[in-house]
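First up is the structure itself, then whatever we jot down about it.
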Amino acid sequence: MQNKQTNRRCFLKTTVTTLAAPYLIPATVPGAPGRPGANDRIHVGLIGTGHRSLDLTKESPADLKLVAVADCDPRMIADYLAELRQFKGTIVSENCSKYQDYRQMLSKEKLDGVFVATPTHARILACVHAMQAGLDVYAEKPLTLTIEEGQHLVRAEQKYQTVFQVGTQQRSVAINNFGSDLIKNGAIGKVLVVKCPNFPGPRPRPVLTTQPTPREMNWDLWCNQAELTEFSNELHPGLGRWARYREYCGWLVTGWVHAFDQVQRALGTDDTGPVEIWPEESRPDGRVSMRYGCGTILKLDMPENKGPRMGGIFVGENGKIEINRNRLASNPPELVQGAPPPADKSEYASVSHEHIRNWVQCMRTREKTVAPATIGHRSTTICHLINICRELGRKLQWDPVKEEFPGDEEANKLRSRPRREGYELPQIPAAPKEDRY
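Take the sequence shown: its position 247, counting from 1, is numbered 254 in the numbering used here, and each next residue is one higher.
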C-alpha cells in the first residue's frame with residue numbers, strides 16, 4: 008500500500024498546478040494517520056452538506072467520527088451541523104472543523120476517509136483530490152457527468168489503491184442480493200429481456216432568474232467545471248434542482264442509476280456492458296432498448312411512475328423475477344422462496360447503514376468494497392449511453408472493452424465535455440502492476 012503521507016505530497020503538488028485555487032496550500036501539512044486498527048475510531052471529512060449528506064451521516068456507524076466539513080456555502084454548513092447535532096448517536100465531533108474550500112480541508116486535516124456528496128458536476132475532482140491525498144472515499148451517486156470522468160476515476164482508484172464505495176446502497180441490501188444471485192445462478196434460465204421504467208433525460212439549462220451572489224459563497228467553486236454563470240436560487244440552494252439540467256447532472260443518472268446497477272448485478276455484467284443501443288421512438292425522453300453480448304435485451308418501456316423504479320423485471324426461459332429496493336417477487340412464486348426479509352418496508356428508504364458499514368470494514372481490512380469505482384462506472388455508463396443515444400436519435404454500437412463507439416466519431420465526441428479552465432482533470436500516472444486485492 009502506498010504511504011499516505013507520500014500521497015498527500017502528490018496531492019499538494021498536483022492541486023496547486025491544476026486548479027486555480029484562491030489560496031496557497033502550505034508546503035508542509037500534517038501527516039495523514041496510518042491504516043486504522045480494528046478498534047480505532049475512523050476520522051472522516053465531508054465534502055458537500057446538502058440533503059443527502061444528512062442521510063449519510065445519520066446512518067453512519069458509531070466507529071466513524073466526523074471531524075471536518077467543507078461546503079462552498081458556509082450557510083449550508085451551519086444548517087447541516089445544527090440539524091446533525093440534534094440527532095441521537097451523531098458521529099459529529101464537538102470541535103468539527105469547517106472549510107469553504109475542500110482542498111484546504113484535505114491539506115490540513117488528519118483524515119482516514121471522506122464522504123463526497125457534492126452536485127454531480129463537481130464530484131470527480133473532489134474524489135480524485137481526496138485519493139491523491141491518500142484518503143479512502145465514499146462517493147454519492149451519480150458517480151460522474153461523462154464516460155471520460157468514469158474512466159479517469161477508475162484509473163485513480165487503481166493508482167492510489169483507494170478503498171472506494173459508490174453510493175448504490177442496494178448492493179448492501181440482503182433481499183436485493185438474494186434476488187440478483189438467483190438470476191445470476193440460472194433460477195429463471197437464460198435471461199431474455201429485462202424491463203425497466205423509461206426514465207426522463209436531461210434538459211439544457213434554461214434562462215434562469217438571477218440574484219446577487221451571496222456574500223459568503225464561493226460561487227466559482229460551486230460552478231466548478233461548468234460555465235461560470237450568474238448566481239441563481241434555481242440552482243442553489245435547493246433539493247437537487249440543479250440535477251434536472253444537463254450542465255450539472257442530467258436527471259437520468261440521478262436516482263435511476265440504482266435500477267441499472269441492479270440489472271448489472273443480476274446479469275453478472277459488472278465488468279462490461281451492452282454492445283448495442285437504439286431508440287424506440289424519436290423524442291427527447293423516448294423509449295430506448297439495448298442488447299448485451301449474451302443476447303439479453305434491456306428495455307426502457309414502462310411508465311416512469313410504474314414498475315420497479317429501483318430495479319427491473321427479469322424475464323427468463325423458466326420464469327420471471329422482479330427486483331426493486333427491498334422488494335422481491337416472482338412468477339412462479341416459489342422461485343423466491345427463502346428470501347430474507349426486507350431491510351425496510353419502504354422501497355424509497357435510504358438503507359445506507361450497511362453500505363457505509365461495508366466501506367468502514369474495508370477501510371480496516373483493505374479489501375474491495377461491494378461497489379468500487381470500477382463497478383459504479385460501468386453502471387453509470389449505461390445512463391450516459393442512453394443520453395447519447397437519445398441525443399443522436401439513432402442506433403449505436405458500443406465496445407465495452409475499449410469503451411468507445413467503433414468508427415463513430417460523432418458519438419465518441421459525446422463521451423466527454425469541455426471543462427472550464429482551472430477545473431481540468433489532473434493527470435493520473437500509470438497504476439502499479441501489483442493488485443492490492
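Backbone N, C-alpha and C define an ideal beta-carbon position, used for all residues, glycine too.
Item                                                                                                          : Value
Cβ contact (3+ pairs, closer than 8 Å) linking the segment 53-70 and the segment 82-93                        : yes
Gln-168, buried or exposed, once every other Cβ within 10 Å from all chains shown has been counted against 16 : buried
Rounded separation between Ala-266 and Gly-275 - CA only                                                      : 14 Å
For Arg-110, the first and last residue of its enclosing alpha helix (DSSP H)                                 : 109-115
Rounded C-alpha distance that separates Asp-308 from Arg-298                                                  : 14 Å
As assigned by DSSP and simplified to three states, the class of Asn-225                                      : coil
Environment of Pro-425 [buried if 16+ CB atoms lie within 10 Å]                                               : exposed
Delimiting residues of the beta strand (DSSP E) encompassing Ser-67                                           : Premise fails: Ser-67 is in no beta strand (DSSP E) and is neither H nor E.
Where Ala-39 sits in the DSSP three-state scheme                                                              : Since pLDDT at Ala-39 reaches only 47, below the 50 mark, its modelled position is unreliable, and no value is offered.
Check whether Lys-148 and Thr-387 have beta carbons under 9 Å apart                                           : yes
4 or more residues per run - each alpha helix (DSSP H) lying fully within the segment 373-412                 : 380-399
Those residues which DSSP pairs with Cys-203 across a bridge                                                  : Leu-307
Whole runs of the alpha helix (DSSP H) within the segment 113-141, excluding any shorter than 4 residues      : 130-139
The alpha helix (DSSP H) enclosing Arg-272, as first and last residue numbers                                 : 264-274
Opening and closing residue of the alpha helix (DSSP H) in which Leu-189 lies                                 : 181-191
Residues near Pro-413 in its chain [Cβ-Cβ closer than 6 Å; skip 5 each side]                                  : Gln-404, Asp-406
Whether Asn-183 touches Arg-427 by CB criterion (9 Å)                                                         : no
Touching by the beta-carbon criterion (3+ pairs, under 8 Å), the segment 72-79 and the segment 96-109         : yes
Residue nearest to Asn-345 in terms of C-alpha spacing, selected from Ser-337, Asp-351, Lys-352               : Going by the sequence as given, residue 345 is Gly instead of Asn. Cα-wise, what sits closest to Gly-345 is Ser-337.
DSSP beta-bridge partners of Phe-321                                                                          : Val-201, Ile-328
DSSP three-state assignment for Leu-335, whether helix, strand or coil                                        : strand
C-alpha gap between Glu-164 and Val-170, whole angstroms                                                      : 8 Å
Cβ-based burial, Ala-273 [other Cβ within 10 Å; buried from 16]                                               : buried
Coil, strand or helix - Glu-431 by DSSP                                                                       : coil
Bounding residues of the beta strand (DSSP E) (the contiguous stretch that carries Tyr-252)                   : From DSSP, Tyr-252 is part of no beta strand (DSSP E); its letter is neither H nor E.
Limits of the beta strand (DSSP E) - the one that Pro-281 falls within                                        : 281-286
Tyr-430 versus Leu-132: straight-line alpha-carbon distance, rounded                                          : 8 Å
Span separating the alpha-carbon of Val-367 from that of Leu-228                                              : 29 Å
Coarse secondary structure for Gly-157, derived from DSSP in three states                                     : helix
Residue range of the beta strand (DSSP E) that includes Glu-234                                               : Premise fails: Glu-234 is in no beta strand (DSSP E) and is neither H nor E.
Check whether Gly-174 and Asn-325 have beta carbons under 9 Å apart                                           : no
Best match in Pro-347, Ala-350, Lys-327 for proximity to Pro-340 [C-alpha to C-alpha]                         : Lys-327
First and last residue of the uninterrupted beta strand (DSSP E) at Asp-143                                   : 143-146
Residue from Pro-347, Gly-400, Met-370, Phe-206 whose Cα sits closest to the Cα of Arg-48                     : Met-370
Residue closest to Ser-239, alpha-carbon to alpha-carbon, out of Arg-248, Ala-233, Arg-130, Gln-218           : Gln-218
His-50 and Gly-120 closer than 9 Å at C-beta                                                                  : yes
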